[in-house]
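In full-length UniProt numbering, the protein residues as written are 1 to 231.
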């Protein structure tokens, strides 16, 4: 009952790999956009903020279909990458990582943005008056102050990527050993006779990982609040 099969271990390993690379790929863009939204005022800011958070309110299948239209072999971006660089996302585990990165990106940006907004701007201004350049201020003052939010965003993005299903299965299908993550494997087992035990095992693992991620994220959020209040 509690012994995982080879196929289940493959699904778990693939999910962890996809979630890791999805989070790693999204992180630099998430930090840049979070800083832009937290520190700058510009025309279209509300539109940009809405576009970033759009995957949270759209049905995941819609997001996956949009990725298929743009990043698939016949899509404008996917076709260009495939023809010129040999980079293919559709029906590959890299495509699953891309879909998971898109779905987890809003959570990453929001956590980092809130942390940057909570950081004392006067500290950045003081560093500037002492001769530090913009990049130096960002890497030596802003990022350390926002570190709890960055870590919380990483955990949330990783957890979201680990449990993503709709966008992934729409974009890269459900191929065992290639794109079949934990969520896709659970769906497959629930549709197969006698697959209830395997589905239950993977469900328990998914719940444990997701709960641990939420607990860790909350801990980082409390650390950020304590730092702001000077506790």
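All C-beta atoms, glycine included, are put in the ideal place defined by N, C-alpha and C.
Our two residues, residue 173 and residue 119, have alpha carbons roughly 42 Å apart in a direct line. Excluding residues up to 5 positions away in sequence, 162, 163, 182, 183 and 186 lie with their Cβ nearer than 8 Å to the Cβ of residue 206 in the same chain.
For residue 178, the closest alpha carbon among the candidates 214, 157 and 11 is that of 11.
Cβ-Cβ distances below 8 Å link residue 91 to 172, 173, 175, 178 and 179 in the same chain, with the five nearest sequence neighbours on each side left out; the list follows chain order. No residue range can be given for residue 58, since it is assigned to no alpha helix (DSSP H) and is classified by DSSP as neither H nor E. Counting only runs of 4 or more residues that sit fully inside the stretch 18–75, the alpha helix (DSSP H) segments are 45–57 and 60–71, in chain order. Classified as exposed, residue 6 has fewer than 16 neighbouring CB atoms from the shown chains inside 10 Å of its CB. In the three-state DSSP reduction, residue 181 falls in the coil class, being neither helix nor strand.
Per the C-alpha coordinates, the member of 39, 60, 152 and 122 positioned closest to residue 108 is 152.
A direct Cα-to-Cα measurement between residue 44 and residue 33 gives close to 13 Å. Secondary structure of residue 194 (DSSP, three-state): coil. Looking at the backbone, the Cα of residue 8 and that of residue 199 are separated by about 9 Å. The stretch 131–151 and the stretch 99–117 touch, with no fewer than 3 CB-CB distances between them shorter than 8 Å.
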